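My numbering puts the first residue of the sequence shown at 649, with every later residue one more than the last. Backbone N, C-alpha and C fix where the C-beta goes; we use that ideal spot for every residue, glycine too. Predicted, not measured: the structure shown is a model, and the values here were computed from it. What follows is a single structure, written as structure tokens, with notes after it.
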Amino acid sequence: MKNKTWWHDKVAYQIYPRSFMDSNGDGIGDINGIISKLDYLKELGVEIVWLSPVYRSPMDDGGYDISDYYDIDPIFGKKEDMDKLLEEANKRGIKILMDLVINHCSDEHEWFQKALEDPNCEEADYFWFRESENGPPNNWRSMFGGSAWENVGGNRYYMHLFSKKQPDLNWENPVLRQKLYDMINYWLDKGLGGFRIDAITHIKKDPTLRSYPPDADGMAGCFAPTRNFPGIGEYLTDLRKNTFDKYECVTVAEAAGVPFGDLGAYINAEDGYFDTMFDFSYSEPYAYGNGWHDCFRPGEWDFAAWRDTLYMSQTETEKIGFGAVFIENHDYPRSMDKFIPDAYRSERAQRMLGNMYFFMRGIPFIYQGQELGMTNTRMEKIEDFDDISTKNHYRVALRDGLSPEKALEGVMRYSRDNARVPFPWTTGENGGFTTGKPWLKCHPDYKEFAAEKLMKDENSMYHWYKNMIRLRSEYKDILVEGSFAPMDFGNEKSVCYSRTSEKGKIVSINSFTPELTEYACGEGKVLNGDGIHSYENGVLTLEPFGCALILL
Ligand code: GLC
Ligand code: CA
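Dropping the structure here:
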């Protein structure tokens, strides 16, 4: 069942369940907490919700390490709570997407436990076990730091591209594939809206398992041998045919590293592997190459190159299908800390970032707290962090000779926990997130971001987002399917584009400079804007980091 477009005109919202709302005072967000906040989402205008994983998990990687795909983790509730969530969401016209983590599972999954016990059992081939005499079988580096291979005694190793508690699944095994398909269909049969699909471009590994040319640390990043590796298409087609094709669901792939030339295979409307995908080519402004590995030596932001990629992503995707656009998620620092130089931090700049991405072509995703203008969190010490990736990278940084202060500074800026702190609902204790002790520290400025407070203030960030959602719906004839074209007004540091359909033309103009900037965009009606210095005779002048959305 392809050509499903019911989701194109909707706005999606990502929930990180551990930090959204706690219903029973144990300090951890849960499904009943989410149910109690569905009205908040409805009021905001959200119609699709993506839940980061709630399956049974030892929580080594925040639930991205699943030990039972058919169960809900007790910290989140019971299976019946999940059924109730689907029902309550349905009543409000909200579709729920679950996270589908099938590149790896948990080392506590029964398959892996059996495989550990008996190297010759059927389950052993569901993973990447190899014998190797002098250390790991090859030099691949895990994305969370250190070798991608873990020793289990003797010469026996298994591969983990993420933490060592996340053994990679061997997609070459057809029995395993069928088990995964059955599980996917089990959830889809419950009436899910669909899935966000985790790390899916990694399921095919270079079958030779050879070492790759090393970096300075003697290891090789695992992108070349395991990301979008030739042959992956066969698995993805098989996956689609056996599962998603039979349902009205929407599939959103976390598809990092897909070259623009391959977009067609991924999301073309006829037989793409998925309905839509997140393109990460422009998500990281600082060139720190091998992802986290280089986060302690961040490069400069080449604005022009970043913008070209952003424009290219839009124009290439439009030729083929419908993308998913975002500036924040649970894996990145907050957008203000990512895209705005420290000296120019302001609420205006945050609004501009919203106006910049929200009206591009594709389904916009909002990450929880983004609509409140939340920024990175300051942690005091490494013990304040929970994120496995943060801890591993801190350890590697110390090992490589960085001082504890430098190492802390690095992880502070890039840690995934920045965006994982509890959601501030009120200005009360713990932001009303829990009556207990929150599992992760609250943002020190949570009172400033409290939803309750911002909802009462017409000029708040909350209303900025709510209004953007309303505008996208009100002008859907132009803003949903209308075509995208970059616009150049001669400003070096601006992102400007038009959306055009036979119903009209809307332009989004966004300044990334600390100076006044002029845009000769022509006469029109301002639909949205902040920091508009003047707009006369068709010339818009923006204050530093200002923005506007104009109907021409
Ligand atoms: C994805 C998730 C991330 C997780 C990783 C491993 O990138 O978004 O949070 O750590 O996959 O599952
Ligand atoms: Ca709880």
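According to DSSP, is residue i part of a helix, a strand, or is it coil?
i, result
"Arg-993", "coil"
"Ala-1133", "strand"
"Val-702", "coil"
"Met-807", "strand"
"Ile-988", "coil"
"Asp-729", "helix"
"His-1064", "Note that residue 1064 corresponds to Arg in the displayed sequence, not to His. Of the three classes helix, strand and coil, the one that applies to Arg-1064 here is helix, per DSSP."
"His-978", "coil"
"Lys-1039", "helix"
"Pro-822", "helix"
"Trp-759", "helix"
"Asp-713", "coil"
"Val-659", "coil"
"Phe-668", "coil"
"Phe-951", "helix"
"Asp-773", "helix"
"Asn-1003", "helix"
"Lys-1124", "helix"
"Ile-696", "strand"
"Arg-789", "strand"
"Ile-963", "In the sequence under discussion, the amino acid at residue 963 is Thr, which differs from the Ile named in the question. Looking at Thr-963 - three-state DSSP - the assignment turns out to be helix."
"Ala-901", "strand"
"Arg-1026", "coil"
"Arg-888", "helix"
"Pro-1214", "Absent from the model: residue 1214. The displayed extent of the chain is 649 to 1200, so no value can be given."
"Met-1008", "coil"
"Trp-797", "strand"
"Glu-691", "helix"
Return the CA-CA distance between residue i and residue j, expressed in angstroms with no decimal places.
i, j, result
"Gly-937", "Ser-1051", "The pLDDT assigned to Gly-937 is 48, lower than 50, so where the model puts this residue is not dependable; a value taken from the coordinates is nonetheless given after this. If I take the Cα positions, the gap works out to 22 Å."
"Asn-1040", "Gly-793", "6 Å"
"Ala-847", "Phe-922", "13 Å"
"Arg-888", "Leu-817", "18 Å"
"Pro-907", "Asn-916", "14 Å"
"Ser-1146", "Ile-1126", "10 Å"
"Gln-998", "Asp-1178", "10 Å"
"Pro-785", "Val-659", "45 Å"
"Asp-865", "Gln-662", "36 Å"
"Gln-962", "Val-1128", "13 Å"
"Asp-863", "Ile-880", "26 Å"
"Asn-782", "Trp-797", "12 Å"
"Met-804", "Pro-1070", "Contrary to the premise, residue 804 reads as Arg rather than Met in this sequence. Near 40 Å, if we compare the C-alpha coordinates of Pro-1070 and Arg-804."
"Phe-928", "Ala-972", "10 Å"
"Ser-1159", "Val-1187", "14 Å"
"Trp-776", "Ile-975", "34 Å"
"Trp-819", "Glu-882", "11 Å"
"Ser-780", "Thr-856", "14 Å"
"Pro-617", "Glu-1140", "Since the first and last residues shown for the chain are 649 and 1200, residue 617 lies out of range."
"Ile-1011", "Ser-1131", "14 Å"
"Ser-667", "Glu-964", "36 Å"
"Arg-789", "Pro-861", "12 Å"
Confirm, please, whether the CB-CB distance from residue j to residue i is below 9 Å.
i, j, result
"Glu-1100", "Thr-1083", "no"
"Arg-732", "Gly-842", "Residue identity differs from the one stated: residue 732 is Lys in this sequence, not Arg. Contact flag unset, no."
"Ser-1142", "Leu-1197", "no"
"Pro-692", "Leu-745", "First, the amino acid is wrong: residue 692 is Leu here, not Pro. Cβ distance not < 9 Å, so Leu-692 and Leu-745 don't count as in contact."
"Asn-876", "Thr-849", "yes"
"Thr-1148", "Ala-1168", "no"
"Asn-1066", "Asn-1024", "yes"
"Tyr-664", "Gly-675", "no"
"Met-730", "Ile-696", "no"
"Glu-948", "Tyr-934", "yes"
"Phe-871", "Gly-909", "no"
"Asp-755", "Lys-813", "yes"
"Arg-996", "Met-1022", "no"
"Met-791", "Leu-809", "yes"
"Ile-1154", "Phe-1007", "yes"
"Ser-1121", "Asp-708", "no"
"Asn-977", "Tyr-930", "no"
"Met-1000", "Phe-1193", "yes"
"Asp-1035", "Arg-1068", "yes"
"Ala-868", "Asn-768", "no"
"Glu-770", "Val-694", "no"
Assuming the contact rule is C-beta atoms closer than 8 Å, residue i and residue j should be a hit. Round their C-beta distance to whole Å, please.
i, j, result
"Phe-1081", "Asp-670", "6 Å"
"Trp-1112", "Gly-1017", "Not confirmed; about 14 Å, so no contact."
"Lys-894", "Leu-734", "Lys-894 to Leu-734, Cβ: 18 Å. No contact."
"Val-702", "Gly-710", "Contact flag wrong, Cβ pair sits at about 11 Å."
"Ile-1180", "Leu-1190", "6 Å"
Go through the residues and name those whose CB comes closer than 6 Å to any heavy atom of ligand 2, in chain order. Asp-670, Ser-671, Asn-672, Asp-674, Ile-676 and Asp-678
Relative to ligand 1, what is the chain-ordered list of residues with a Cβ closer than 5 Å to any of its non-hydrogen atoms? Asp-709, Tyr-712, Phe-810, Asp-846, Ala-847 and Asp-979
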